[in-house]
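Written out below as structure tokens is the structure these notes cover.
Numbering (UniProt numbering), first residue to last: 1 to 353.
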């Protein structure tokens with residue numbers, strides 16, 4: 001506590017609003033991840049156990065029918081995993097490291113999608129990828145930011161006359177744009193890749209949000225090598241989808257930031273109200289004519305329009321011309337002192353904490 005009116009202006013040791021927002025967001029993200037982990041574990045774990053049981057049964061049946069040991073089967077599977085890394089699939093697909101395949105690969109690198117279908121196998125390629133991705137990813141993020149600036153400018157001018165360019169209206173427009181691009185792209189992928197429409201929508205979100213699981217990857221079938229138009233359309237859809245989704249994520253982050261500010265404000269009100277309720281008997285010392293004390297200016301207003309001090313360490317009643325200072329002595333007792341405008345001590349009360 002500050003012990004006089006001069007020390008009352010000292011800087012606070014509590015973290016600022018930006019730090020509070022940062023820590024609150026970190027806590028909420030951790031809780032969000034814990035909730036997501038619980039939900040997905042509940043949904044996917046039974047299927048995983050069922051797949052393990054089915055795979056074990058098939059290995060046992062295959063081993064008995066062909067008189068092959070489990071060690072030999074595992075050796076074959078290990079070699080197949082190595083071959084799969086090099087681009088060999090059980091079902092014949094397009095070449096991964098010809099020029100169109102390599103261009104598709106670098107596109108997934110600089111856009112940070114990273115499907116994982118193809119990856120460098122040579123030591124030189126892996127070292128090159130580190131420096132190539134460092135520059136390429138940075139340039140692409142800059143491109144996304146410049147794209148976002150132009151989208152926000154265009155939407156702000158377009159929405160100015162009807163809804164004053166508010167963030168939630170802009171977010172709604174971006175959401176509609178992303179949904180429109182995703183629905184059109186899903187229709188194309190459903191026809192060209194043979195996926196269901198829901199699988200195509202799932203792929204669009206995973207690709208456009210740069211999550212890139214790699215369970216669905218477009219343009220990898222052998223017949224796609226001859227369809228240059230589809231390869232160009234695939235790249236354009238990826239670029240447009242990633243740019244729009246990036247803009248949508250930034251707009252949503254603005255709304256989340258506003259929500260955090262509102263939550264911090266509510267927590268601040270609750271905290272100071274608890275302090276006021278705890279020391280309300282003290283605040284009556286400087287109360288006069290039923291006017292609540294305020295702290296050297298405008299008090300913090302409660303939701304029901306009553307005012308209470310923002311800091312219990314010092315309250316000032318303009319009507320009574322009395323300043324009240326609180327603190328703790330060496331015996332950890334809470335004391336309250338009131339001074340008039342001539343700094344003369346008028347009241348001193350103590351009580352154990």
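Here a beta-carbon is modelled for each residue, glycine too, at the ideal position from N, C-alpha and C.
Note that the structure is a prediction, hence the values are computed from the model and not measured.
Alpha-carbon to alpha-carbon, residue j and residue i
i: residue 354; j: residue 60; result: The chain is shown from 1 up to 353; residue 354 falls before or after that span and cannot be answered.
i: residue 177; j: residue 254; result: 18 angstroms
i: residue 356; j: residue 86; result: The displayed coordinates of the chain run from 1 to 353. Any statement about residue 356 would go beyond what the structure contains.
i: residue 182; j: residue 243; result: 12 angstroms
i: residue 53; j: residue 192; result: 34 angstroms
i: residue 109; j: residue 127; result: 14 angstroms
i: residue 227; j: residue 55; result: 37 angstroms
i: residue 68; j: residue 49; result: 25 angstroms
i: residue 16; j: residue 264; result: 11 angstroms
i: residue 233; j: residue 101; result: 15 angstroms
i: residue 64; j: residue 78; result: 20 angstroms
i: residue 39; j: residue 45; result: 10 angstroms
i: residue 296; j: residue 132; result: Any reading at residue 296 must be qualified, since the residue scores a pLDDT of 41, below 50, and its modelled position is unreliable; no value is offered.
i: residue 329; j: residue 35; result: For residue 329, the predicted model reports a pLDDT of 49, less than 50, meaning its position is unreliable and no value from the coordinates is stated.
i: residue 20; j: residue 32; result: 18 angstroms
i: residue 30; j: residue 98; result: 43 angstroms
i: residue 140; j: residue 71; result: 46 angstroms
i: residue 150; j: residue 175; result: 16 angstroms
i: residue 188; j: residue 96; result: 22 angstroms
Same chain, Cβ closer than 7 angstroms to residue i, five either side skipped, listed in chain order
i: residue 112; result: 137, 210
Beta-carbon spacing of residue i, residue j below 8 angstroms
i: residue 197; j: residue 185; result: no
i: residue 245; j: residue 216; result: no
i: residue 117; j: residue 214; result: yes
i: residue 224; j: residue 58; result: no
i: residue 231; j: residue 219; result: yes
i: residue 129; j: residue 120; result: yes
i: residue 266; j: residue 107; result: no
i: residue 203; j: residue 195; result: yes
i: residue 62; j: residue 73; result: yes
i: residue 212; j: residue 114; result: yes
i: residue 169; j: residue 159; result: yes
Own chain residues within Cβ distance below 8 angstroms of residue i, not counting five before or after
i: residue 171; result: 248, 251, 252, 254, 255
i: residue 24; result: 260, 263, 264
Near the ligand NAP: residue i beta-carbon under 7 angstroms from a heavy atom
i: residue 172; result: With respect to small molecules bound, the structure shown includes none, and the ligand NAP cannot be examined in it.
Assess, as a yes-or-no matter, whether the stretch 258-271 is touched by the stretch 147-161 under the definition of 3 or more beta carbon pairs within less than 8 angstroms. Taking one beta carbon from each stretch, the stretch 147-161 and the stretch 258-271 have fewer than 3 pairs nearer than 8 angstroms; the two do not touch.
Only counting runs of 4 or more residues, tell me where the alpha helix (DSSP H) segments fall wholly within the UniProt domain "Potassium channel" (178-256), in order along the chain. Taken in chain order, the complete alpha helix (DSSP H) segments of 4 residues or longer contained in the UniProt domain "Potassium channel" (178-256) are 197-208.
Within the stretch 38-107, ranges of the alpha helix (DSSP H) (whole runs, at least 4 residues): Runs found: 70-85.
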